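Enquirer: Got a structure here, written out as C-alpha cells. Questions coming.
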Amino acid sequence: MNHPADDIAIIGAGPLGLATALALARRGHTPQIFDARSAAASQTDSRILALSQGSRDLLELLGAWPAAQATPIRRILVSQQGHFGQTHLDVTEQRVAALGYVVPARHLTAALQASARAWGLRVAYDTRAKLQHADSTQASLQITHADASLHEVRTSLIAHCEGHIPDAEVALSRDYDQHALLCRATPATPHENLAHERFTPQGPLALLPHGSDYAVVWTVSAARADALMSAPDTEWLAQIQAAIGPHIQLTNISERARHPLGLRMRSQTTGPRCVWLGNAAQTLHPVAGQGFNLALRDAWELADTLTGAADPGAPDLLARYARRRQPDRQGAARFTDLLVRSFSNDQPLLAAARGAGLLALDALPPLRGFVARRMIYGARNF
Ligand SMILES: Cc1cc2nc3c(=O)[nH]c(=O)nc-3n(C[C@H](O)[C@H](O)[C@H](O)COP(=O)(O)OP(=O)(O)OC[C@H]3O[C@@H](n4cnc5c(N)ncnc54)[C@H](O)[C@@H]3O)c2cc1C
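Residue numbers (our numbering): 42 to 423.
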C-alpha cells in the first residue's frame, strides 16, 4: 500500500535514522529525514560496532550490508584479569558461519546512505529539527536550515532517531564513571578471527578482529581516560598489553578516540504522534555490543507495526509498538547493567563467583549455546 508523501518525518540520519527510513520505505511509506550535521560528518564516527547475525540479515534486506568492511568473529574468548575462569564460544559448536561481525560505524552509515539514495529517500542535511506541536490529528516540526532560516513541516508521525535522551526525559540513568577508549591495535601474529572480551577491575576490554588488526574498546575511569588521552601511543600499548595478558602480543596502536559511557532509559518511548528509537529511547554501555543491534530491532518492529497503516501516528499502533519492544529493551538494559556492575570491580567474593560462572559456562554446552544464540541473533530469531 502506498501512503501519502511525507507521512513520517525522521529526526537524525545516523545509522539508525537511515535504517528506520529504509525499513519504512520497504513497507510503502515515504519518510523524510532531517539531520543537523552534514552528510560527510558521519565519516568522522570512530565507533566500531559488533553486529549480530540477526542484524546482518536485516541490513541485507535493507540493501545496506557493508560486506567488504565486515570482519567475521569465529571464536570469542571471555576471561577476567587476575582471576581464574574463562570460556570459549566457537562457530563450529554453534553451527553458524560467524558469531558476529565487526563493522566500523562510518562504513555502515555509508552503506545505508547509498541504499537510501537508491530508494530515492530525501535526507535534508545541515537541517536541525525540533518538535513544535503534536495533537490527535497531526504533528509539526520546526526546521532550522544552515542559513538560520526556518520552516514548518507537518506530518502524521515523528520518529526520533537523534541518538540521545534529554535529561528531563530520563527515567533511569546510571553513571558508571567509565569512558571508552577506542583504538586500532596490530597483533604480532594473525588474529584468526578470535575476539577477546576481558573483564578487568577498571572495566571490560574488548579486542575485536577487524581487517588484519584488532579494534580495541577499552573501558576505563574518567580520570584514567583523561590521563591516557595525553599519553603517547607507547603508553597505551603497554597498558593494553598488561590488561590482555601475554598470550597476545600487540605491536602498534593507532586511531585513538574516546566516548563517555552510561545507561540512560527514556521514560516513554511513544507519545502523541511521536516514537523514540535506539539511543534516543535507550542508551546502553557498549560492553555487550547491544546498542545498534537493539536499535535495528526497534526500527524493524516499527516498520512491521505500521505496515498497511492509513494513519502511521494512530495511538493504538504506537501503543502496540511500545508494548512489543518493551521486553527486548528492558532485557538488554538489565543484561548490560548487570555485566558492567558485576564485572567492573575487584572484590574477591565477586571475582570467585565470576570465575565459577565462566567455568560453568565452559563446562555446559547447552548454557553456552543459549548465550551464543543471544549474541548471534539478539533476543529473538528473525
Ligand atoms: C564506544 C562505543 C561502542 C559501541 N559498540 C557497539 C557495538 O559493538 N554494537 C552495537 O550494536 N552498538 C554499539 N554501540 C552503540 C552504537 O554506536 C549506537 O547504538 C549507534 O551508533 C547509534 O546510532 P544512532 O543513529 O542512533 O545515533 P547517532 O549516530 O548519534 O546519530 C544521531 C544523528 O541525529 C542527528 N541529530 C541529533 N539531534 C538532531 C536534531 N535536533 N535535528 C536533526 N538531527 C539531529 C545527529 O546529527 C546525528 O547524525 C557502541 C557505542 C559506543 C559509544
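Using N, Cα and C, we set each Cβ at its ideal position, and we do this for glycine too.
None of the values given here were measured: they were computed from a predicted structure.
1) Is L337 near A60, with beta carbons less than 8 Å apart?
2) Let me know the beta strand (DSSP E) ranges lying completely inside the segment 60 to 134, each 3 residues or longer, listed in chain order.
3) Just the C-alpha distance for F333 and E203, rounded to the nearest angstrom, thanks.
4) If you reduce the DSSP assignment to three classes, tell me which class I52 lands in.
5) Considering Q173, what are the terminal residues of the beta strand (DSSP E) in which it resides?
6) So R215 and D378 are in contact, right, with Cβ under 8 Å, and what is the actual spacing, rounded?
7) Would you say the beta carbon of L57 comes nearer than 7 Å to a heavy atom of ligand 1?
8) Any idea if M270 is buried or exposed, counting beta-carbon neighbours within 10 angstroms, 16 or more meaning buried?
9) CB of G319 to nearest heavy atom of ligand 1: below 7 Å?
10) Looking at the strands, I want to know which residues DSSP matches up with E238.
11) If you follow the beta strand (DSSP E) that W446 is part of, which residue opens it and which one closes it?
12) If we ignore side chains and look at the alpha-carbon of each, how far apart do G349 and A355 end up?
13) Let me check you understand the geometry: is the CB of D76 closer than 7 Å to at least one non-hydrogen atom of ligand 1?
14) Got a sec: is the Cβ-Cβ distance from Q309 to anything in chain B below 8 Å?
15) So, at 6 Å on beta carbons, what are the nonlocal neighbours of L237 in its own chain, with the 5 sequence-adjacent residues on each side left out?
16) Report yes or no: do three or more beta-carbon pairs, one from the segment 317 to 328 and one from the segment 179 to 189, lie closer than 8 Å?
17) Keeping to the same chain, check which residues put their C-beta closer than 7 Å to that of I49; ignore five residues upstream and five downstream.
18) Leaving out five residues on either side along the sequence, give the residues of the same chain with a beta carbon under 7 Å from the beta carbon of R421.
19) Taking the CB atoms as reference points, tell me whether A54 and D76 lie closer together than 8 Å.
Expert: Here's the rundown:
1) Yes.
2) Taking only runs of at least 3 residues, the beta strand (DSSP E) segments lying wholly in the segment 60 to 134 are 73 to 75, 89 to 92, 112 to 114, 116 to 121 and 127 to 131.
3) Looking at the two C-alpha atoms, the distance is approximately 13 Å.
4) Correct three-state label for I52: strand.
5) Here the beta strand (DSSP E) through Q173 covers T168 to A175.
6) Indeed they touch by this definition, with Cβ atoms about 6 Å apart.
7) Flag set: Cβ of L57 near ligand 1.
8) Exposed: under 16 other Cβ atoms inside 10 Å.
9) For ligand 1, at least one heavy atom lies less than 7 Å from the Cβ of G319.
10) Bridge partners of E238 according to DSSP: V119 and A247.
11) What is shown of the chain runs 42 to 423, which leaves residue 446 out entirely.
12) Taking the straight line from one Cα to the other gives about 12 Å.
13) Remark: the C-beta of D76 is in contact range of ligand 1, defined as less than 7 Å to any heavy atom.
14) Included in the structure is just one protein chain, with no chain B present.
15) Reading off the sequence shown, one finds His at residue 237, where the question assumed Leu. Same-chain partners within the cutoff: L118 and L248.
16) Not touching, per the Cβ criterion.
17) Closer than 7 Å at the Cβ level, and outside the excluded window around I49, lie L65, H70, P72, T196, S197, L198, A200 and P353.
18) In this prediction, R421 has a pLDDT of 48, which is less than 50 and means its spatial position is unreliable; nothing more can be read from the coordinates.
19) It is a contact, given that the beta carbons lie within the stated cut-off.
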